[in-house]
Structures are given as structure tokens and as C-alpha cells.
Amino acid sequence: MASYETEHASDPPNRSNDEPRRPDLSSFLSLLSEVTPDRPEERAREGAVPVPADVTAVFRSLAEAYQVMLRINDNADSDLLESMIENLMETADRPPREVKGVDEEYIAALERVNIKHVKKDADCPICGNAFVEDTHPLLVRLPCHKNHIFDLECIRPWLLVNGTCPLDRVDLAKRERDRKQKHLEDIKKNAAPEDEEEEWDGLYG
Ligand SMILES: [Zn+2]
Ligand SMILES: [Zn+2]
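Letter by letter, the sequence shown follows residues 1355 to 1559 of my numbering.
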């Protein structure tokens, strides 16, 4: 069994805690704020409907950011990341009328996972880095599967534009839209004179 010293002797030398392991997403995020319909207050051009070229720019910008990740990070799980990049480039070529990802509120409400509760050898499916190597790990679990745990930083941009789990393609954004729709209908129903609250059975979708 390796001693503490021999294990740590093999750590990459001079890795500072602040060394960026992930690409800069600032341009992606500012492009995204231009086209996101439910965040009109963040839009620079007030009332503007997103034009296809803007939507294309958003998807291309994220694809480029992930390409940087693939290049600078030896651990990157290339199969998954490559398929994500491919998906983004295809969407960029045929941009949808609107970006159908989840909103920041949804991201903020995702279950946070304590590093102590993940398996010792678990890594982020996107960047491939072991969770434990992060000085300040910020891990989230997607509601589709208990083992679908990601670095928040890695999964957030993808969910904002795509809304699906990259591992099983469950459409979390659609689920969330359906949930909100159901919620609105419930409110309407409860406000109606003929009160039918007994009929609610907890099913939707
Ligand atoms: Zn990651
Ligand atoms: Zn999943």
C-alpha cells in the first residue's frame, strides 16, 4: 500500500490552487443573455426577439469553450465531451428559434453533493477530473439519476442552452416546463368557482 508521501510525490508539480482547468465562459454567458427569452431584463437590446445568428453564436461559443477544455485537459472524457461539442455545432448550424435550456433558478436549486459522499475515484463525466482534486469542489446531482454528478461549472453552461443530461439525455428543461405549466393550471383550477381539488392525484407529464 502506498504511503502518503509516495502518493503525493506523484502529484503534478507546481499546480497552483488557482490554475484554471476550465475555459473562460464569460463571452458565452453574455451571448446567452442576449437570446434568453425568460430573462429579458438582462438583454441589452430591449424587446428584441433573438435572431438566428445570435442563437448560432451562443451554441458555437459554448462548443469552442468545451473544445478548449478538451485540449487543455488531459483527463477530459473525450467521447462524452466530443459528442457534446458535436451536438452544439449541429445546433449552431441549424439554430432553434429559442434556446430551450433551464434557467439559472433551476441551476441554483440543483442538489449540491458533499465531496465526502462521492466515491473516492469518482470524476466529473465532462472534464474527467477527479472530484477530490478540486480545492473547492462544487458538485451537483441531476434529478435523472443518483450517479449523475457533475462539477457545477462543467454542467451549468450545457444545461443553460441544452437542458438535457449529457449521460442519459433526459430532457430536464422540458420536465421543468411541464412542471411549471402544471403548477399554473393548478392555480387556475383552484381559483375557479367549481373547486375540484380532490381530483389532484400528483401525476403529470
Ligand atoms: Zn468537470
Ligand atoms: Zn442523467
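Cβ coordinates follow ideal geometry from the N, Cα and C atoms, glycine included.
Enumerate in chain order the residues of its own chain whose CB-to-CB distance from residue i is below 7 Å, with the five nearest sequence positions on each side excluded.
i            : result
residue 1406 : 1449
residue 1421 : 1439
residue 1432 : 1424
residue 1357 : Per-residue confidence for residue 1357 stands at a pLDDT of 47, beneath the threshold of 50, marking its modelled position as unreliable; the derived number appears in the next sentence. No residues qualify anywhere along the chain.
residue 1377 : 1419, 1422 and 1423
residue 1467 : 1493, 1494, 1495 and 1503
residue 1530 : 1456 and 1460
residue 1445 : 1413
Within the same chain, show all residues whose beta-carbon is closer than 6 Å to that of residue i, passing over the 5 residues directly before and after it, in chain order.
i            : result
residue 1527 : 1454, 1455, 1456 and 1517
Less than 8 Å between the CB atoms is what I'm expecting for residue i and residue j, so what's the real figure, rounded?
i            : j            : result
residue 1429 : residue 1482 : 4 Å
residue 1409 : residue 1382 : That belief does not hold up - the Cβ atoms of residue 1409 and residue 1382 are roughly 13 Å apart, past 8 Å.
residue 1515 : residue 1386 : 7 Å
residue 1522 : residue 1537 : Wrong, their Cβ atoms sit about 25 Å apart, outside the cutoff.
residue 1520 : residue 1452 : That belief does not hold up - the Cβ atoms of residue 1520 and residue 1452 are roughly 21 Å apart, past 8 Å.
Ordered along the chain, which non-local residues of its own chain (more than five positions away) have a Cβ less than 8 Å from that of residue i?
i            : result
residue 1513 : 1455, 1456, 1460, 1461, 1526 and 1527
Residues whose Cβ lies closer than 7 Å to any heavy atom of ligand 2, in chain order: Each of 1496, 1498, 1499, 1502, 1519, 1521, 1522 and 1524 has a C-beta closer than 7 Å to some heavy atom of ligand 2; these make up the full list, in chain order.
- request: Pull every residue with its beta-carbon under 5 Å away from any heavy atom of ligand 1, and keep them in chain order.
  value: 1478, 1480, 1481, 1505 and 1508
Cβ contact check for the stretch 1505–1513 and the stretch 1469–1480: 3 or more pairs under 8 Å: yes
message: Would the stretch 1491–1500 count as touching the stretch 1430–1450 if we require 3 or more Cβ pairs under 8 Å?
response: no
- request: Let me know the alpha helix (DSSP H) ranges lying completely inside the stretch 1477–1549, each 4 residues or longer, listed in chain order.
  value: 1506–1515 and 1526–1545
- request: Just list the alpha helix (DSSP H) runs in the stretch 1443–1467, keeping only unbroken ones of 4 residues or longer that don't cross its boundaries, in chain order.
  value: 1458–1463
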